[in-house]
Amino acid sequence: MRTRTFLAALSTFALVGILASCGGTKPASGPNLSAAQAKYPGYSLADYTAGQALYAANCGRCHPAYAPASHTEEQWAMWVPKMVPKANKKAGTVAIDEAGQEQIVRYLYAASH
Ligand code: HEC
Numbered sequence: 024m025r026t027r028t029f030l031a032a033l034s035t036f037a038l039v040g041i042l043a044s045c046g047g048t049k050p051a052s053g054p055n056l057s058a059a060q061a062k063y064p065g066y067s068l069a070d071y072t073a074g075q076a077l078y079a080a081n082c083g084r085c086h087p088a089y090a091p092a093s094h095t096e097e098q099w100a101m102w103v104p105k106m107v108p109k110a111n112k113k114a115g116t117v118a119i120d121e122a123g124q125e126q127i128v129r130y131l132y133a134a135s136h
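Numbered per my numbering, the sequence shown spans residues 24 to 136.
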C-alpha cells in the first residue's frame, strides 16, 4: 500500500519534471486539461504526456512535427489515422497502436484548445 502510493507520487513528479523540461525548449502551448476533460472524461496529465511523447517520437521524422494548433480538430481526425501506418512503417514496428493513435488525437486536442 505505502509503496504503491510512494511510487505513484514519484511517477507524478517524474512526469511533471519531464513536462517542465519540455516547456523550456519549445514554445508549445501547454495542456488545456479542462477542455480535454470536457470532451474526454477522465483525461489526465499522464494521458497528455504519453500522447505528446508518442507524437514527438514519431510524427516529426519525415516532415516537421506540426504544431497542435496548425490543424483543426477535423483535419487531425483525418490526418492522424492516415499517418500512423506511415509512422509505424518508418519505425519498423508498431510504435503507435490503436490506443496510441487515440492518445495522439487527444494530445493534439488538449494542446490546441
Ligand atoms: C514516413 C514519413 C512520415 C511520417 C513518419 C509521418 N508523416 Fe505526416 N506526412 C508525410 C507525407 C509524405 C505527407 C504528405 C501528404 C500525404 O502523403 O498524403 C504528410 C502529411 C502530413 C500532414 C498534412 C500536412 C498538411 O499539408 O496540412 C499532417 C497533418 C501529418 N502528415 C501529420 C503526421 C502525424 C500526426 C504523424 C505521426 C503519426 C506523421 N505525420 C508522420 C509523411 C510522414
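Note that CB positions come from ideal geometry on N, CA and C, so glycine has one too. Just so you know, these numbers come straight off a predicted model, no measurement behind them.
Exercise. Heavy atom of the ligand HEC less than 6 Å from the Cβ of H136, yes or no?
Worked result: no
Exercise. Taking three-plus beta-carbon pairs below 8 Å as touching, is the stretch 68-86 in contact with the stretch 116-129?
Worked result: yes
Exercise. Nearest to V107 by CA position, among I127, G53, H94, is which residue?
Worked result: I127
For this session: Can you tell me the Cβ-Cβ gap for Y89 and A133, rounded? I've got them flagged as a contact below 8 Å.
Result: Their Cβ separation, rounded to whole angstroms, is 16 Å, which puts Y89 and A133 out of contact at 8 Å.
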